[in-house]
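Quick note on numbering: the first sequence equals residues 1 to 498 in the working numbering.
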Amino acid sequence: MSPSNADDRPMRVRMAPSPTGPLHIGTARTSLYNFLAARHQGGTYVLRIEDTDDARSTADFERDIIDNLHWLGINWDEGPQVAGGEDVGAHGPYRQSQRMDRYAAEAGRLLASGTAYRCWCTPEELEAVRRKQEAAKEPPRYNGRCLRLTDAQRAAFEAEARPSVVRFRVEPERIRFDDLIRGEVEFDNALLGDFVIVRNDGVPLYHFVVVVDDEAMEITHVIRGEDHLSNTPKHIALIRALGYREPRFGHIPLILNPDRTKISKRKSQTAITAYREEGYLPEAMVNFMAFLGWSPGTEEEIFTLDELVERFELSKVHKGGAIFDRDRLDHLNGVYIRSLSDEQLALRLRPWIPEAVGDADLVRVVPLIRERLVKLADAPALIGFVWEPDEVVASWYAPELLHPKKGGPGEARSALTRAAEVLGEVDDLDFSADLVEQRCREAADAAGMKAGNFFTPMRVAVTGRTVSPPLFDSLELLGRDRALARIRLALEKLAVPA
RNA sequence: GCCCCCAUCGUCUAGAGGCCUAGGACGCCACCCUUUCAAGGUGGAGAUCAGGGGUUCGAAUCCCCUUGGGGGCACCA
């Protein structure tokens with residue numbers, strides 16, 4: 001076991017997203033853990049964009065990743081701070097597409113030393129070999145054919161300018177390392193084939209560039225998903241061949257679909273931006289993601305980002321994967337929503353509320369929905385009746401919904417008729433929830449109706465729904481005249497046979 | 001197929017040999033509060049700690065085996 005020589009260096013960690021899709025929940029969680037580890041120890045946090053796969057990488061995805069990391073509150077010390085923007089930091093460039101010279105030089109070193117070699121096998125030939133190996137129940141790996149080429153054959157291939165890849169020559173040795181989370185892990189590289197590090201079009205591949213960049217960026221701790229655990233022996237072999245310093249590796253557990261497979265777009269929502277659009281708060285997302293594979297070892301579970309930074313310990317990260325549980329996320333989101341002041345919540349709600357609704361009006365509406373909001377996007381459905389035109393609100397419900405429980409159109413009509421009278425008697429300036437409630441209760445009493453049966457038709461008439469914020473607060477918000485108008489519209493709907 | 005990793009209520013987890021007749025939270029059920037829905041409060045069901053062997057006076061905690069689950073084996077990252 002080669003002891004790590006990284007421990008005495010100041011901690012430098014990185015996240016290395018690939019802009020081939022929007023910010024993925026798994027990438028976000030790995031980024032969060034790297035961020036927490038770095039901030040907790042006062043280390044440096046680097047963002048590197050892994051865009052060597054030109055065909056699949058886009059500027060839009062890069063923007064989505066950077067924007068959403070910022071949205072979560074995850075900031076980095078080095079790397080592009082803004083999508084498409086300038087790099088910050090002394091170890092750049094931080095986009096792999098801008099580092100091709102370095103990769104070419106390092107591949108050249110490997111080629112020169114004989115630890116890498118050119119391979120002219122075609123994809124078809126490789127595929128045939130793989131199939132044969134599978135049939136023979138052998139591990140699928142490169143058979144080393146091009147390693148055994150004669151000089152004449154090699155010269156012939158080069159003469160005809162046949163495209164070639166660069167393969168790394170894997171030593172048949174046992175590779176051991178001390179994983180930050182899993183402890184000692186051992187692999188047998190004899191089971192590995194010589195893998196490709198540079199494509200036949202000259203583009204260097206992941207396993208190679210990640211090692212080159214981590215050295216160049218002086219990364220001391222590679223914290224990544226468990227799906228990379230079995231890639232690590234390849235990286236260590238490369239690191240040794242290149243004469244690099246070996247960072248420490250830590251493999252965090254995967255986030256899982258409900259069926260316990262690695263979380264995927266197919267079975268779960270994986271795009272952070274989608275959660276953002278649904279109205280989850282970044283605080284809730286962060287708190288939730290942090291606990292998918294880590295806990296402070298106590299029974300506390302509500303933590304801000306700063307508190308997480310303070311408490312986070314890599315040594316307390318779990319080994320087993322964790323299912324992404326929506327119910328729990330929803331609950332946490334509610335906790336954070338309820339912790340916001342009227343003004344703060346109104347500000348968060350702004351993107352979901354029509355511009356025509358003024359800020360002051362929005363703030364006034366917040367107390368009616370705060371306890372009822374699971375996600376910010378739920379707000380319009382809960383409180384839209386306040387600003388929607390009376391006719392629109394009336395169109396939301398069928399006349400039957402005006403009927404009180406165990407009652408029919410008759411009860412609805414008499415309740416609404418009485419309600420209209422009562423409301424009409426209150427001066428518009430005195431139209432407060434308390435006063436209106438008092439009067440309505442008296443009216444229900446006098447009519448010999450149960451309060452609930454009296455209120456149900458009013459609720460539907462005024463809010464357009466059977467489930468709504470508290471009725472009398474809603475009435476106060478609406479004002480006497482609009483409330484009366486809606487009750488009249490309801491009475492009309494009752495009069496027209498369906 | 002081969003290699004590697006993992007294993008406490010349905011889910012997220014507490015638990016580093018005696019504090020565990022296994023705790024908390026989400027979800028679920030009931031009741032309270034209540035004009036609806038929430039929120040809140042109280043209580044409840046829910047895990048023979050995957051199974052089997054050891055080690056030990058003592059094991060959810062240490063070791064081994066089995067089983068189960070997952071990940072990886074690309075000219076993707």
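Backbone N, C-alpha and C define an ideal beta-carbon position, used for all residues, glycine too.
Would residue i be called buried (16 or more neighbouring beta carbons within 10 Å of its own) or exposed?
i, result
"E50", "buried"
"L478", "buried"
"V392", "exposed"
"R148", "exposed"
"N287", "buried"
"P139", "exposed"
"A379", "buried"
"I302", "exposed"
"L429", "exposed"
"G320", "exposed"
"T30", "buried"
"T232", "buried"
"P17", "buried"
"T27", "buried"
"V386", "buried"
"G499", "What the structure shows of the chain is the stretch from 1 to 498, and residue 499 is not part of that stretch, so it cannot be assessed."
"V82", "exposed"
"P134", "Per the sequence presented here, residue 134 reads as Glu, with Pro not at that position. With fewer than 16 other Cβ atoms within 10 Å, it is exposed."
"P204", "buried"
"A420", "buried"
"P22", "buried"
"A136", "exposed"
Just to confirm, are residue i and residue j a CB contact at a threshold of 8 Å?
i, j, result
"V185", "R174", "no"
"L293", "H318", "First, the amino acid is wrong: residue 293 is Gly here, not Leu. Yes, the pair counts as a contact, with Cβ atoms nearer than the cut-off."
"G117", "R199", "The sequence shown places Tyr at residue 117, not Gly. Taking 8 Å as the Cβ cut-off, Y117 and R199 do not qualify as a contacting pair."
"L416", "T466", "no"
"D390", "R482", "yes"
"L238", "V196", "no"
"R224", "H207", "no"
"F349", "L382", "In the sequence as presented, Phe is not what sits at residue 349; that position holds Leu. In this structure, L382 does not lie closer than 8 Å to L349 by Cβ."
"K234", "L180", "no"
"T20", "S57", "yes"
"R370", "R338", "yes"
"E277", "Y336", "no"
"V222", "F187", "no"
"D213", "R48", "yes"
"Y280", "L314", "no"
"H40", "F312", "yes"
"F431", "R486", "no"
Output needed for residue i: all residues of its chain with C-beta closer than 6 Å, excluding positions within five of it in sequence on either side, in chain order.
i, result
"I219", "R12, R14 and P247"
"V366", "D342, L345 and A346"
"S2", "Caution is warranted here: a pLDDT of 39 is assigned to S2, below 50, making its placement in the model unreliable, and no coordinate value can be reported."
"L475", "V436 and A483"
"L305", "G73 and V286"
"L308", "L36 and A290"
"Y397", "V460 and G464"
"L368", "P469 and D473"
DSSP beta-bridge partners for residue i?
i, result
"W294", "V317"
"T304", "Answer is none; T304 lacks a bridge partner."
"H221", "V13 and R248"
"L256", "K262 and I323"
"T44", "R12"
"I175", "F187"
"I49", "R95"
"H24", "A271"
"F455", "Per DSSP, none; premise fails for F455."
"D87", "P80"
Considering only residues of the same chain and omitting the five flanking positions on each side of residue i, which have a CB-CB separation below 8 Å?
i, result
"S264", "N257 and T270"
"V46", "R12, V13, R14, M15, W76, D77, E78, G79, G89, H91, Y94, M217 and I219"
"D434", "F472"
"L111", "Y117, R118 and V166"
"A447", "S414, A415, R418 and F454"
"L362", "A346, L349, R350 and I353"
Residues in its own chain within less than 7 Å of residue i by CB, not counting five upstream and five downstream?
i, result
"V422", "R439, C440 and A443"
"F35", "Y45 and I74"
"S268", "N257 and F324"
"P253", "E226, G293, H318, K319, G320, G321 and A322"
"I236", "I175, F177 and E246"
"A412", "L402, H403, P404, P457 and L494"
**Message:** For the pair the stretch 125-140 and the stretch 149-160, tell me if three or more CB-CB distances fall below 8 Å.
**Reply:** no
**Validate contact between the stretch 449-461 and the stretch 486-496 using beta carbons, cut 8 Å, 3 pairs** = yes
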